[in-house]
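In order, the protein sequences belong to chains A and B.
Using this note's numbering, the first residue of the first sequence is number 11, and each one after it goes up by one.
Using this note's numbering, the first residue of the second sequence is number 460, and each one after it goes up by one.
Here the structure is laid out as structure tokens; the discussion comes afterwards.
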Amino acid sequence: MFTTIYPQLIGLCTGALLLTSALMVWRHSLLASIRLLSVQGVALAALVAVIGVEEGEVEVILVSVLVLLVKGVALPWVLARETHATTRTDEAPRLNPTAALLTVALLTILSYVVASRLLAGDTSVSAHAAPIGLAMVLIGFLLLITRRQAGSQLIGFLVLDNGIATVAFLTSGGVPLFLELGISLDVLLVVVILYVFAGRMRTKFGNTEIDQLRKLHD
Amino acid sequence: MTALEAGLLGQLLLLVLAVAAALLTPTRWRSRVSGTVCTLLATAGVVTGAIALSGGTGSLTIPTALPLDPLVLSPDKLGGLVMIVVSAVGALAALFGIGSARVASASRTAWLSMAVFLFGMQLVPAATDVVSFLLLWEIMTLGSTALLLAHHATRGTVASALVWYSAMSQLSFFFVLAGFAMLAGLAGGTGFDLLATVDPFSWQASVAFLLLLLGFGGKAELVPLHVWVPRVLPEAPGHVAAAMSGAMVNIGVYGALLVFVRMLPNGPAWWGVLIMALGGVSALYGILQASVASNLKVLLAYSTTENMGLVFLGLGASVLLRADNATAAADAALVAALLLMLSHAAFKSTLFLGAGAVARAAGEMNLDRLGGLGSRMPWTAGAFGAAAMGAAALPVTSGFVAEWMLLQALIHGSRVDGEVVSVAASVAMPLAVAVIALTAGLALLTFVKAYGIAFLARPRSPQAEQAREVPVIMRIPLVIGALLVVGLGLLPGPLAVAIGGAVGPEFTPDVRIIGLAGVDARGIDAVLDPTTFVVLAGLLLAPVLIAVFVSARRHPTRISPLPWAGGGSRLRPRMQYTATSYAEPLVRVFDDVLRPSRDVEVTHVGESRYLVERVHVEQTVSDVVETRLYRPVLNLLQRFGILARRAQNGSIHRYLSYSFVALLSVLIVVSL
Chain A
11 MFTTIYPQLI GLCTGALLLT SALMVWRHSL LASIRLLSVQ GVALAALVAV IGVEEGEVEV
71 ILVSVLVLLV KGVALPWVLA RETHATTRTD EAPRLNPTAA LLTVALLTIL SYVVASRLLA
131 GDTSVSAHAA PIGLAMVLIG FLLLITRRQA GSQLIGFLVL DNGIATVAFL TSGGVPLFLE
191 LGISLDVLLV VVILYVFAGR MRTKFGNTEI DQLRKLHD
Chain B
460 MTALEAGLLG QLLLLVLAVA AALLTPTRWR SRVSGTVCTL LATAGVVTGA IALSGGTGSL
520 TIPTALPLDP LVLSPDKLGG LVMIVVSAVG ALAALFGIGS ARVASASRTA WLSMAVFLFG
580 MQLVPAATDV VSFLLLWEIM TLGSTALLLA HHATRGTVAS ALVWYSAMSQ LSFFFVLAGF
640 AMLAGLAGGT GFDLLATVDP FSWQASVAFL LLLLGFGGKA ELVPLHVWVP RVLPEAPGHV
700 AAAMSGAMVN IGVYGALLVF VRMLPNGPAW WGVLIMALGG VSALYGILQA SVASNLKVLL
760 AYSTTENMGL VFLGLGASVL LRADNATAAA DAALVAALLL MLSHAAFKST LFLGAGAVAR
820 AAGEMNLDRL GGLGSRMPWT AGAFGAAAMG AAALPVTSGF VAEWMLLQAL IHGSRVDGEV
880 VSVAASVAMP LAVAVIALTA GLALLTFVKA YGIAFLARPR SPQAEQAREV PVIMRIPLVI
940 GALLVVGLGL LPGPLAVAIG GAVGPEFTPD VRIIGLAGVD ARGIDAVLDP TTFVVLAGLL
1000 LAPVLIAVFV SARRHPTRIS PLPWAGGGSR LRPRMQYTAT SYAEPLVRVF DDVLRPSRDV
1060 EVTHVGESRY LVERVHVEQT VSDVVETRLY RPVLNLLQRF GILARRAQNG SIHRYLSYSF
1120 VALLSVLIVV SL
């Protein structure tokens, strides 16, 4: 029963991941992006859970709970809290939405081409879905270089991190619990530090446009 | 555990102690406590070196966290000799520092980096493979850089001097690294004993030779890598300058010895010619610049370039003569080079310590504003005078013995049993003799100027007039240094024998002790016994001197006014020679090389063309190598730097785009 719907579940989860990433490029509002990030975290957790059930490993299911807590709940909550606290400024990205979505399409194609070379011969379901992870990495990078606000940059970084996690889970069946715990804590720490940093920026310059950061000061 | 191992371990422990002392002691006691521990650290180096030189064995293995072999420290005899020299200078410098270090040079950073610097320097000769050699070399360099950096806050010029120093020391590190990498690639390992198996006639060995020569030459302050010296040493306080110029340069020489004595002892003849040329040019250029310098520390700094040039001249002669099978003369040249290194360490550290004492007493390093310090600072003047005699290579000092031996080797070198050994040798040797003769003459002039203008005559400025002798703790190292200069000159025999034992087994110089600690270099039929000479001269001169003193007592001296003073003594300090005017004839003779720039400013009285109110003359001698070689290169680099700044404009987005484009290109290349 489960084996028959397994490929479809994998497809559903990875599709949700790609869709949320693309929507994040399209939407400019910071709050909308945070909600999308939360959905993406849940999708990632679901993906991990599906893989765990398929392989029958309790440890991977535990990891999926951890992913749900950190990426689906904790990180979006931290981000949203900070954003609510301040006056909302919408993003004015360096690329207009049409061009951005076109770039997303090109990047996705590129990642499929690359993956077909790298994973040639591997016919498993998860290997088929791996290019989505690569595409998410590239989309996260795209967000990093096109967004001006520190908060949006952070979201780009988190999408990139989700992409790496997706590739890891799909190609090697996940990482050990301890490693995942370490990585999650790392990401959480980075987000907290960056948010403190963004707060400092706001008190210093009145906004968080990172174009202001051009010179080194003592 | 053998004595040698205990010595090495003791140095390691004393380093820890010195670091703790520098960090923990309060400001009031810091110089005394840290200086004492640093002196002990250096003394431990002397003892360890002596054990190694006398044939002690043993090794200290330090495991590392790096994926490399553990560091093995085990000095051989040659390493022991160099360790003694650098540690002895380090001990004098640290002892002097107890009294002289004030404000910035007594800070935590300064004493901490002093300890690290001394430690690195002492243990470089103990390294047995390339990795530990380079590691200790870098510890030494970083220690000295931080030591200079401690003075950054007080003087603005330190920063630019430090940039030069860092750039040049990294450049020479790069050359050494590349040279060793070349040899290690050929030998298949990094141990020094493995590198000795490389064939010196392969082209890779020649490339490695060139790189290593440049790298070690840079540390030994040879032209054209000397440009940092006249900038850095004047900024350093006396004891730091003494440790750098008296000890650190010897590490450069040690590196060269490692290559030409231990690893590639039988290189082709053109190596020797090249080393001789580099040494000869450095010697001449260094002493020329020194002779016209009016800043005492700049003068001493350039004199280091000269002496190291002579050392490399001796080394080069040794390599060339060995290639031509004139082994006896080659060995004698090597011993002479090492003798010169030893004597230079003694007199240059004393001179720099003396300069430090003068700087403390008069607060002035410009010779044109000094004078009359001899009667005000008799101890400093005596020690500086003895060391200046050594630097001018006058008899009964160590400098004389070394240069005499070098000249003997060069003169006897080009012929074996009356036959000319090779065309290269018969051209190079007379040229080298001429270079040494000219250098010796100019050195005499330079140090007559340095001593005469600074210590004799009348003070040329109020600061010099108010100078007082330095405290006892600073006089002790000065006196020890001066005694070493004379002592090494009186005992050339045991010294040469020790050096002869140290360079073996590849080189076996035939030197013996003769008479009262005299030296007998049998290979080249040269004998020198200064102690006997001094004793005999004393016996002969004693009756004459006694007669002179007795007659002088009977006839009291009459003080008559000077004939040219117009009947009265209206001599003013400004009527004396200054350092600039003393060197003026030299500047004229070597005008084309030195290219001085003169600035004469005449202020007339009112409208008159003939009455002059004031004349201001200023002469500056710039370093030709710097203006002609480094400036164009630096300007070119700066142009590229401006271009690079456009790509590196500080925007985070731009940097992220660079990595994104790089990632994409990698992916595209993979998928093609």
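Even for Gly, the Cβ is constructed at its ideal location relative to N, Cα and C.
All figures in this text were calculated on a predicted structure; none of them were measured in a lab.
Contacts between Arg127 of chain A and chain B, judged by CB atoms closer than 9 Å, involve Val1129, Ser1130, Leu1131 in chain order. Closer than 8 Å to the CB of Leu915 of chain B there is not a single CB belonging to chain A. A Cβ-Cβ distance of about 5 Å is found for the pair Arg690 of chain B and Trp623 of chain B, placing them in contact under the 8 Å criterion. Interface flag for Leu120 of chain A against chain B is set, since a Cβ pair is found closer than 8 Å. Here Leu519 of chain B is bridged, per DSSP, to B:Leu532. Annotated as distal: Ala785 of chain B and Met735 of chain B, with beta-carbon spacing of 8 Å or more. Annotated three-state conformation of Val541 of chain B is helix, per DSSP. A Cβ of chain B is located within less than 8 Å of the beta carbon of Val124 of chain A. Proximity of Ser1124 of chain B to chain A, defined by a Cβ-Cβ separation below 8 Å, is not satisfied. Per DSSP, Gly1109 of chain B lies in no beta strand (DSSP E) segment and is marked neither H nor E. In this structure, the CA atom of Ala563 of chain B is about 10 Å from the CA atom of Leu606 of chain B.
In the DSSP assignment, Thr1062 of chain B falls within the unbroken beta strand (DSSP E) covering 1055-1063. A Cβ-Cβ separation of about 19 Å leaves Leu630 of chain B out of contact with Leu642 of chain B under the 8 Å criterion. About 12 Å separates the beta carbon of Ser566 of chain B from that of Pro696 of chain B, a gap too long to meet the 8 Å contact definition.
Proximity to Met933 of chain B across B:Ser1110, B:Ala552, B:Ala792 peaks at B:Ala552, based on C-alpha coordinates. Residues of the same chain with a CB within less than 7 Å of the CB of Ala840 of chain B, apart from the 5 flanking positions on each side, are Leu832, Gly833, Phe914 in chain order. Following the DSSP letters along the chain, one finds Arg561 of chain B in no beta strand (DSSP E), marked with neither H nor E. In this structure, the alpha-carbon of Leu152 of chain A lies about 13 Å from that of Tyr1114 of chain B. The beta carbon of Leu154 of chain A sits closer than 8 Å to some beta carbon of chain B. In this structure, DSSP gives Asn825 of chain B an extended state, which the three-state scheme calls strand. Setting aside the 5 residues that flank it on each side, Ile912 of chain B is surrounded in the same chain by Leu826, Ala1038, each with a C-beta closer than 6 Å to its C-beta; the list follows chain order. Put simply, the backbone Cα of Gly726 of chain B is about 25 Å away from that of Arg981 of chain B. For Ile870 of chain B, the uninterrupted alpha helix (DSSP H) run begins and ends at 857-872, by DSSP. Taking a Cβ-Cβ threshold of 8 Å, none of the residues of chain A is close to Leu608 of chain B; the smallest such distance is about 16 Å.
Judged by their CB atoms, Ala795 of chain B and Leu897 of chain B are not nearer to each other than the 8 Å cut-off. A straight line joining the alpha-carbon of Thr568 of chain B with that of Leu1088 of chain B spans about 35 Å. Residue ranges of uninterrupted beta strand (DSSP E) with 3 or more members are absent from the segment 566-626 of chain B; none lies entirely inside it. A residue is called buried when at least 16 other Cβ atoms come within 10 angstroms of its Cβ; Asn106 of chain A does not meet this threshold and is exposed.
Contact residues of the segment 135-153 of chain A toward chain B are Phe151 (C-beta to C-beta distance below 7 Å). Taking 8 Å as the cut-off, the Cβ atoms of Ala706 of chain B and Leu799 of chain B do not count as close. If you keep only unbroken alpha helix (DSSP H) runs of at least 4 residues inside the segment 714-776 of chain B, you get 728-751. Here Leu482 of chain B is exposed, its C-beta having fewer than 16 other C-beta atoms within 10 Å. For Thr1079 of chain B and Pro1044 of chain B, the gap between their C-alpha atoms comes out near 15 Å.
In this structure, Ala511 of chain B lies near Asp535 of chain B, with their beta-carbon atoms less than 8 Å apart. At a cut-off of 8 Å between C-beta atoms, Ser1116 of chain B counts as an interface residue with respect to chain A. The beta-carbon separation of Leu810 of chain B and Ala850 of chain B, rounded to 6 Å, stays under the 8 Å limit for a contact.
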